[in-house]
Amino acid sequence: MAVTYFENQKTFKLDTPNTSYIMGIQDQAGYLLHYYYGKKLNQPDVSHLARTWEPPYTPERNDRDKLSFLDAAPFEYPTGGIGDFREHCLEIRTEGGHNAVELSYRSHSIRRGKQSLPGLPATFGTEADCESLSIILSDELLGLEVELLYTAFTHLDVITRSVKVTNLGTKENVIFLTKVLSACLDMDNQDYSMLSLHGAWARERRMQYRKLGIGRQGVFSERGETSHQDHPFIALTSPNVTQTGGEVYGFHFVYSGNFEAQTGVDQFGVTRTVMGINPYNFCWKLRSGEAFQAPEVVMVYSGEGLGHMTRTYHDLYRNHLIRSAWKDRKRPILINNWEGTYFDFNTEKLLAIARGAAELGIEMLVMDDGWFGNRFDDNRALGDWFVNEQKLPGGLKYLADEINRLGMKFGIWMEPEMVSPDSDLYRAHPDWAIQVPGRRAGLCRNQYVLDLTRPEILEYVWERICAILKSAHIEYVKWDMNRQLADLGSFALESDRQGELYHRYVLAVYELQERLHREFPEILLENCSGGGARFDPGMLYYSPQIWCSDDTDAIERLAIQEGTALIYPLSTIGAHVSDCPNHTVGRITPFETRGHVALAGTFGYELDITRLSQQDRDMIPRQVELYHRYNDLVREGDYYRIASYRENHEFDCWQVVSKDRKQALVTFVQVLGRANYHSRVLRLQGLDPDACYRIQGTDRIFGGDTLMYAGLSMENMWGDFRSGLISLVRVAKNN
Ligand code: DGJ
Numbered sequence: 001m002a003v004t005y006f007e008n009q010k011t012f013k014l015d016t017p018n019t020s021y022i023m024g025i026q027d028q029a030g031y032l033l034h035y036y037y038g039k040k041l042n043q044p045d046v047s048h049l050a051r052t053w054e055p056p057y058t059p060e061r062n063d064r065d066k067l068s069f070l071d072a073a074p075f076e077y078p079t080g081g082i083g084d085f086r087e088h089c090l091e092i093r094t095e096g097g098h099n100a101v102e103l104s105y106r107s108h109s110i111r112r113g114k115q116s117l118p119g120l121p122a123t124f125g126t127e128a129d130c131e132s133l134s135i136i137l138s139d140e141l142l143g144l145e146v147e148l149l150y151t152a153f154t155h156l157d158v159i160t161r162s163v164k165v166t167n168l169g170t171k172e173n174v175i176f177l178t179k180v181l182s183a184c185l186d187m188d189n190q191d192y193s194m195l196s197l198h199g200a201w202a203r204e205r206r207m208q209y210r211k212l213g214i215g216r217q218g219v220f221s222e223r224g225e226t227s228h229q230d231h232p233f234i235a236l237t238s239p240n241v242t243q244t245g246g247e248v249y250g251f252h253f254v255y256s257g258n259f260e261a262q263t264g265v266d267q268f269g270v271t272r273t274v275m276g277i278n279p280y281n282f283c284w285k286l287r288s289g290e291a292f293q294a295p296e297v298v299m300v301y302s303g304e305g306l307g308h309m310t311r312t313y314h315d316l317y318r319n320h321l322i323r324s325a326w327k328d329r330k331r332p333i334l335i336n337n338w339e340g341t342y343f344d345f346n347t348e349k350l351l352a353i354a355r356g357a358a359e360l361g362i363e364m365l366v367m368d369d370g371w372f373g374n375r376f377d378d379n380r381a382l383g384d385w386f387v388n389e390q391k392l393p394g395g396l397k398y399l400a401d402e403i404n405r406l407g408m409k410f411g412i413w414m415e416p417e418m419v420s421p422d423s424d425l426y427r428a429h430p431d432w433a434i435q436v437p438g439r440r441a442g443l444c445r446n447q448y449v450l451d452l453t454r455p456e457i458l459e460y461v462w463e464r465i466c467a468i469l470k471s472a473h474i475e476y477v478k479w480d481m482n483r484q485l486a487d488l489g490s491f492a493l494e495s496d497r498q499g500e501l502y503h504r505y506v507l508a509v510y511e512l513q514e515r516l517h518r519e520f521p522e523i524l525l526e527n528c529s530g531g532g533a534r535f536d537p538g539m540l541y542y543s544p545q546i547w548c549s550d551d552t553d554a555i556e557r558l559a560i561q562e563g564t565a566l567i568y569p570l571s572t573i574g575a576h577v578s579d580c581p582n583h584t585v586g587r588i589t590p591f592e593t594r595g596h597v598a599l600a601g602t603f604g605y606e607l608d609i610t611r612l613s614q615q616d617r618d619m620i621p622r623q624v625e626l627y628h629r630y631n632d633l634v635r636e637g638d639y640y641r642i643a644s645y646r647e648n649h650e651f652d653c654w655q656v657v658s659k660d661r662k663q664a665l666v667t668f669v670q671v672l673g674r675a676n677y678h679s680r681v682l683r684l685q686g687l688d689p690d691a692c693y694r695i696q697g698t699d700r701i702f703g704g705d706t707l708m709y710a711g712l713s714m715e716n717m718w719g720d721f722r723s724g725l726i727s728l729v730r731v732a733k734n735n
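Those letters in the sequence shown? Residues 1 to 735, by my numbering.
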């Protein structure tokens, strides 16, 4: 049983293979309090952790100090306006202008499997995979019902949470939700640090630790998208956590818009962590009978360091979030023309690239930005989704057919959410852009965001997507999104619903991508947002891979891909070999190293192959061969972080081990060469200690225990930015 209710103690216990999550109903008022989350417990009796037996006691025993209780108790879903002065999850405004919400337990139900969340991405599982708990709380005075939804996975250390708020009041009753977070966790502070992922354009998802102190700290997006800058993930880590040791509590939000993840220590040394939709400019009008569904938070506890958390998220997302027909398939090796040509291309040029690529074993040509309308640069034509026949005579069909004739697949770039002021679409419908009436909306990359919350606009965009995709044999789509949202305003929403726009926008994007998923199930969709600004679990529900960063430099990618792989499977990480000097940082790295780094992702090329040096071109067939040899392992195996250049400033190393532990691949990147040192010894992980492994291409055989506990020596390499792959294969002991 993954979920148990102990009637005598009024306690709920959720169990995963190695963790327990325990909460209980307290007091006559029916408060739902959190007791424990962490390493698995046999017994449910941990109610003492809620400290209701010590001052200020529960209101039942000490009503005169109710507020002191509310400000100290570990609430499972804290609400605003009644005396819990910490960060709460639910805040409202009634028509009378009041904000107090007090929730009491009403009922609960337990069932096998997991329900989907209407209109939202969410993890899924069969009856064998998981068990779910629904707890109904309500505020009778307001006529407000809150359903807390939990799922415990039976084979993974994952517990998910989400929340549904329903207005059950009388017909005229209107409640404005001003904040609906999805999860809260109160625990004693064990000297935790907060691990989070930060960046900027071309510098996404770099890891950062901050020690928790008194006060609130967190990560936020108010940009209408997940963002380059912050990521909807935090983990609480115990002191000196490593890959293999220490405690980690991971929280990841399955959402692609504004978010808040906050933690901090209060006056009593309690750590409260919350996560959900950012309340910034959020106000959802809930009429009687209406419900608001908040997105899902995925929680992972690891008592064995960061590595176990990482591999748990990887397994969850590969098996219980990504739905694409491509999720378990080897993806075609693509060549994308963006860094190769930017906007300066035509059919002839693309075919020349395709011919050169096909000869070397590359399997798909992706035509990036610039094939439609008057799109000769990034100042115009977004929204005009009609082929530019000047550039592409014969249209997409001719080009796709020619490319198919070479034995290659064909894919295209689109940015369906946007409109350029200099476009036929904008000239015809200037009111289709998100904007505040009377104020000229700010531009970003010279473009506006379409108000997809309006059905007629969404339908228009969908019609265009369908027309394009049906016009030729298109097998891949890169769906880009190159600006943040600002000047929020929709001509279709009443004034008291304008605060719904951010969330409605995200729902509309999900609606379009859901249609794409259903109507074109065989198309390989890669999401993208000016690089990796919308790399989040929400988008993975629709696409099995996401472009990780516009920075394709192999050395810059080390920290970006390390931070991304902390929670995302390598199969989801868009990674390409590009030209040098690198277009973002001007660095020159060996072609071989660029290949090794891209192999830890989806793998592809992004350069003009017709202008590549002969020496680099000659390396492509070998890289193609490596991809085919190792991609099953990289896509499906267990990922281990062995060393981090971000920490040691000299070298990076990661390892992938097949689930049956018969095969492993170690990638080593020496960023800086060094003089007069011994070779490095690296302790591998995840192997079978009782098995023997051969280093492929040699006759050297080591025990798994030797490789993990004594280590493998890596010879110093000559030069900077050098890299190597070590492939290990299990062999019979007497071999
Ligand atoms: C941003 C993407 O990240 C790039 O790869 C490229 O597709 C450009 N947009 C095209 O405008």
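Ideal Cβ placement from N, Cα and C applies to all residues, glycine included. What you are looking at is a predicted structure, and each value in this text was computed from that prediction instead of being measured.
N-terminal and C-terminal residue of the beta strand (DSSP E) that residue i is part of
i: proline 232; result: 230-237
i: glycine 24; result: 19-26
Boundaries (first-last residue) of the alpha helix (DSSP H) holding residue i
i: lysine 349; result: 347-359
i: cysteine 466; result: 455-470
i: phenylalanine 491; result: No alpha helix (DSSP H) contains phenylalanine 491, which DSSP labels as neither H nor E.
i: aspartate 616; result: 614-636
i: tyrosine 77; result: Neither: tyrosine 77 is in no alpha helix (DSSP H) and is coded neither H nor E.
i: phenylalanine 69; result: 66-70
i: tyrosine 426; result: 424-428
Where residue i falls, given that 16 or more other Cβ within 10 Å makes a residue buried
i: arginine 223; result: buried
i: leucine 672; result: exposed
i: histidine 314; result: buried
i: glycine 697; result: exposed
i: serine 182; result: buried
i: lysine 470; result: exposed
i: glutamate 625; result: exposed
i: lysine 327; result: buried
i: isoleucine 412; result: buried
i: phenylalanine 85; result: exposed
i: glutamate 456; result: exposed
Inter-residue spacing [alpha-carbon to alpha-carbon] between residue i and residue j
i: glutamine 390; j: tyrosine 630; result: 41 Å
i: glycine 269; j: tyrosine 35; result: 15 Å
i: tyrosine 249; j: asparagine 278; result: 21 Å
i: asparagine 8; j: alanine 598; result: 56 Å
i: tyrosine 814; j: cysteine 89; result: There is no way to answer for residue 814, as the model of the chain reaches only from 1 to 735.
i: leucine 458; j: glycine 289; result: 26 Å
i: asparagine 582; j: tyrosine 476; result: 26 Å
i: phenylalanine 220; j: leucine 566; result: 19 Å
i: aspartate 129; j: alanine 152; result: 9 Å
i: lysine 179; j: proline 118; result: 19 Å
i: alanine 554; j: serine 162; result: 38 Å
i: arginine 515; j: leucine 120; result: 13 Å
i: valine 274; j: glutamine 655; result: 33 Å
i: proline 544; j: leucine 316; result: 13 Å
Residue i: CB within 6 Å of a non-hydrogen atom of the ligand DGJ
i: cysteine 548; result: no
i: glycine 119; result: no
i: cysteine 528; result: yes
i: tryptophan 737; result: With the chain covering 1 to 735 only, the question about residue 737 has no answer from this structure.
i: glycine 531; result: yes
i: aspartate 536; result: no
i: aspartate 368; result: yes
i: aspartate 328; result: no
i: aspartate 84; result: no
i: aspartate 608; result: no
i: aspartate 480; result: yes
Residue i: CB within 6 Å of a non-hydrogen atom of the ligand COA
i: tryptophan 371; result: Of the ligands one can find in the structure shown, namely the ligand DGJ, none is the ligand COA.
As an exercise, report each continuous beta strand (DSSP E) stretch of at least 3 residues that is fully enclosed by the region 657-734, in chain order. 663-670, 680-682, 692-695, 701-703, 712-714 and 722-731
Quick one: complete beta strand (DSSP E) runs, 3+ long, within the region 523-565? 524-527 and 545-547
What are the start and end residues of each continuous beta strand (DSSP E) run of 3 or more residues lying completely inside the region 239-273, in chain order? 248-254 and 259-265
Identify every run of the beta strand (DSSP E) within the region 355-420, keeping only runs that are complete inside it and at least 3 residues long; order them along the chain. Runs of the beta strand (DSSP E) inside the region 355-420: 364-367 and 409-414.
If you scan the region 273-332 from start to end, which runs of the beta strand (DSSP E) of 3 or more residues do you find wholly inside it? Counting only runs of 3 or more, we get 284-287, 291-293 and 296-302.
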